[in-house]
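Participant: First, the structure itself, so that you have it in front of you.
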Ligand code: ZN
Ligand code: ZN
Ligand code: FE
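Given below as structure tokens:
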């Protein structure tokens, strides 16, 4: 080959799909093309990024190889389609303005923790953004919480009121700058500012070190963050934490902590590799991890719990505050009791004035209230800030647009079209006007963001859920009622891309059954569209309905009545002094007569009953508290191998054995461990026989009870030994936060069935 022969040249058109808009993908393409000496163009369109490159074949090949592998941190490339083109022979490479053809695609991404580059600027005295609490770039910063509409451009964010100065504008318009098209780009000259105010909103200081000084002096602060307000105090201060608890009317629900850095987090909790990966991830969730015995935190932070919830700073404001304070802080939601967290200044000043002495405020509005996410390695307990609104794929495409309204507690909703399902941020418990309003507003907001016009609306079967009532009020849609535990099963199947039938052990507190009773200890067999009930926990009365959830001793009474066959079982000696004998009699009679005492097969209520029988808890301040206590004491006897009998998921014999052991003075840890072992063995054997009789090999374990790791691990191990494949929720919570995605999967699964009957 002669040295003067023309080198081989190519022109290739490529389409990149995935999360590639608003994440710096076009500048990445631009830089790469320039580096490799290629000509052509790149632009956004309604499906992602489209580009053409021309140059030496080797350079084009290298370009295509590095296109996805060197993509910017927030981009998620799902696929790259390429096509050979005729050479055009033109010079130069350009970024072409977006074509706004077709329907708006949603380039709205989750809020992302401050990146290392921005952090370096934040603490560099020579940088123009030194100590600027709103520093951000294309690779980090607020997104979902500030978006008002689409397309995702500055005028449709809460940054609309801040006009960029010349220097910020120049960064924003320079394809080679880290802030090219960073919509929230700002600086101290042109952007939002933060200040410290008193409870009457009067400015106390514009110097943020005043906030750290106040915290170190023992004050409680209300802090406006990314998705809402936090209440904060120094975590090691017994006085401040006790004050916060008293003023917030929060008896013993744990407070989350924010540690200045990983090192400080390690002094609070034992971090394994998986937990540390989550802690430093750009989603920056609250990570639950085993509390260190010598953790420098006040006793009142998480009374009686073996774990602490810890997160790292995720906004520049947090970084400044934590660096200035130099200590771990309590960062609990800015609310009183169980209300939704405050996210507007007026609301916060009104509701939190009696709790916080000072307010750390800023003038960048929060559009959508978004709580911190909560995770434990391999599971998510609350999927919200940092994760939402990234879509979760459906295994079967939705032929029509779907809205699923979710459950009553820990509500989320889901919108879906095609293979994408957008699960909402954590809305909360739909039991007051404020939360219902966030639910309605949130649905409208998501419909606009993702251009979804629901034709199918899925809902729970419970007629009294506000989410069900909302669904029934929507005009001109096809309604799909989904049984609660089937939704739990379908959510897990869909998340794992499974469309085949499987067995599901679905254990939770409450869910409306197809027979009108309260279910919650269910062995189901089903797929995305249909299910049958293959087994369930022996049902008992729930004396007082909701009162039985708050007062586990009522469940102990109901279970003892069934187990002993006595209408009025004797008050166990261990409960003497904890439960009034008269109340015990009344509740026993309610159970016997079946008055105000619905039937339930709830596994959550069985755990409550056992916790009460052990004398651990007769009353709870939040759902699951009794079970958490029972798991904690069982974990202290993890080596215990014996198990109480629970033939066919009938726990009457179990209850008799527990009652006898408690009376005999057997340590509570041993009893709790034997109980866990008994439930595990009974569940595994029920799943095995359902799998065998239906010719299936996969078992789903889901429902809020499976947040109990001891139980989950024991059952998983037994099922694996039996050669069964175990599926558990990973990207969505096992609790009711995952219900709306499951309802979506059921609606889509049913419409995919041949010969579908609607209604
Ligand atoms: Zn950044
Ligand atoms: Zn500026
Ligand atoms: Fe549930």
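Numbering (the numbering used here), first residue to last: 2 to 760. For every residue, glycine included, the Cβ atom is placed at its ideal position computed from N, Cα and C. The structure displayed is predicted, hence computed values, not measured ones.
Write down every uninterrupted run of the alpha helix (DSSP H) in the segment 57-137 whose length is 4 residues or greater and which is fully enclosed by it, in chain order.
Facilitator: 58-70, 117-123
Participant: Using a threshold of 7 Å, is the CB atom of residue 408 nearer than that to any non-hydrogen atom of ligand 3?
Facilitator: It does: the Cβ of residue 408 is within 7 Å (strictly closer) of some heavy atom of ligand 3.
Participant: Take the Cβ of residue 742 as the centre, count every other Cβ of all protein chains shown within 10 Å, and call the residue buried at 16 or more, exposed below.
Facilitator: Taking all protein chains shown into account, residue 742 has 16 or more neighbouring C-beta atoms within 10 Å of its C-beta and is therefore buried.
Participant: So residue 396 is in the beta strand (DSSP E); what residue range does that whole segment cover?
Facilitator: Counting along the chain, the beta strand (DSSP E) containing residue 396 begins and ends at 393-405.
Participant: Could you say if the segment 711-718 and the segment 678-690 meet the contact criterion of at least three C-beta pairs nearer than 8 Å?
Facilitator: yes
Participant: On the criterion of 16 or more Cβ atoms from any shown chain inside 10 Å, does residue 351 qualify as buried, or is it exposed?
Facilitator: exposed
Participant: Sorted by chain position, which residues of the same chain lie with C-beta nearer than 6 Å to residue 323's C-beta, five sequence neighbours on each side aside?
Facilitator: The residues are 261, 314.
Participant: Among residues of its own chain, excluding the 5 on either side of residue 9, which ones have a beta-carbon nearer than 6 Å to its beta-carbon?
Facilitator: If we look at residue 9 and ignore the five residues flanking it on each side, its Cβ neighbours are 58.
Participant: Does the distance between the C-beta of residue 463 and the nearest non-hydrogen atom of ligand 3 fall short of 7 Å?
Facilitator: no
Participant: Among 344, 546, 464, 425, which one has its Cα closest to the Cα of residue 595?
Facilitator: 546
Participant: Based on DSSP bridge pairs, tell me the residues matched to residue 522.
Facilitator: 508
Participant: At what residues does the beta strand (DSSP E) containing residue 679 begin and finish?
Facilitator: Counting along the chain, residue 679 falls outside any beta strand (DSSP E), though it belongs to the alpha helix (DSSP H) covering 669-695.
Participant: Assess, as a yes-or-no matter, whether the segment 689-707 is touched by the segment 724-741 under the definition of 3 or more beta carbon pairs within less than 8 Å.
Facilitator: yes
Participant: Within its chain, find whatever has a CB closer than 6 Å to the CB of residue 178; leave out the 5 residues flanking it on each side and keep chain order.
Facilitator: Answer for residue 178: 172, listed in chain order.
Participant: Closer than 7 Å from C-beta to any heavy atom of ligand 2: which residues, in chain order?
Facilitator: Going along the chain, the residues that qualify are 165, 166, 168, 169, 187, 188, 190, 191, 192.
Participant: With distances taken from each beta carbon to the nearest heavy atom of ligand 4, which residues come in below 6 Å, in chain order?
Facilitator: Looking for ligand 4 in the displayed structure turns up nothing; the ligands present are ligand 1, ligand 2 and ligand 3.
Participant: Measuring only from the beta carbon, is residue 118 closer than 7 Å to any heavy atom that is part of ligand 1?
Facilitator: yes
Participant: So what does DSSP say about residue 390, is it helix, strand or coil?
Facilitator: coil
Participant: Is residue 115 near ligand 1, judged by its Cβ being under 7 Å from some heavy atom?
Facilitator: yes
Participant: Mind checking whether the beta-carbon of residue 305 lies closer than 7 Å to any heavy atom of ligand 1?
Facilitator: no
Participant: Anyone know if the C-beta pair for residue 673 and residue 613 falls short of 8 Å?
Facilitator: no
Participant: Buried or exposed: which applies to residue 519, given that a residue is buried once 16 or more other Cβ atoms fall within 10 Å of its Cβ?
Facilitator: Classified as buried, residue 519 has 16 or more neighbouring CB atoms from the shown chains inside 10 Å of its CB.
Participant: Can you say whether residue 74 is buried or exposed, counting buried as having 16 or more other CB atoms within 10 angstroms of its CB?
Facilitator: Exposed: under 16 other Cβ atoms inside 10 Å.
Participant: If you measure from the CB of residue 688, is any heavy atom of ligand 1 nearer than 7 Å?
Facilitator: no
Participant: Does the Cβ of residue 104 have 16 or more other Cβ atoms within 10 Å, making it buried, or fewer, making it exposed?
Facilitator: Interpretation of residue 104 is limited by its pLDDT of 46, a score under 50 that renders its predicted location unreliable; no figure is taken from the coordinates.
Participant: What did DSSP end up calling residue 145 once you bin it into helix, strand or coil?
Facilitator: Assignment of residue 145 by DSSP, reduced to helix, strand and coil, places it in the helix class.
Participant: With H, G and I counted as helix, E and B as strand and the rest as coil, what does DSSP make of residue 466?
Facilitator: coil
Participant: Let me know the secondary structure DSSP gives residue 604 once reduced to three states.
Facilitator: helix
Participant: Does ligand 1 have a heavy atom nearer than 7 Å to the CB of residue 23?
Facilitator: no
Participant: Please identify the residue among 652, 664, 268 whose C-alpha is closest to the C-alpha of residue 615.
Facilitator: 664
Participant: According to DSSP, is residue 471 helix, strand or coil?
Facilitator: Residue state, collapsed to three classes: helix.
Participant: Compare the C-beta of residue 252 against all C-beta atoms of chain D and say whether one is closer than 8 Å.
Facilitator: Although the question refers to chain D, the structure presented lacks it and comprises just one protein chain.
Participant: Along the chain, where does the alpha helix (DSSP H) that runs through residue 418 open and close?
Facilitator: Not the alpha helix (DSSP H): residue 418 falls in the beta strand (DSSP E), residues 415-424.
Participant: Does ligand 1 have a heavy atom nearer than 7 Å to the CB of residue 678?
Facilitator: Within 7 Å of the C-beta of residue 678 there is not a single heavy atom belonging to ligand 1.
Participant: Smallest Cα separation from residue 413: which of 151, 534, 389?
Facilitator: 389
Participant: Give the list of continuous beta strand (DSSP E) stretches no shorter than 3 residues that lie fully inside the segment 164-240.
Facilitator: 195-199, 204-206, 222-225, 230-235
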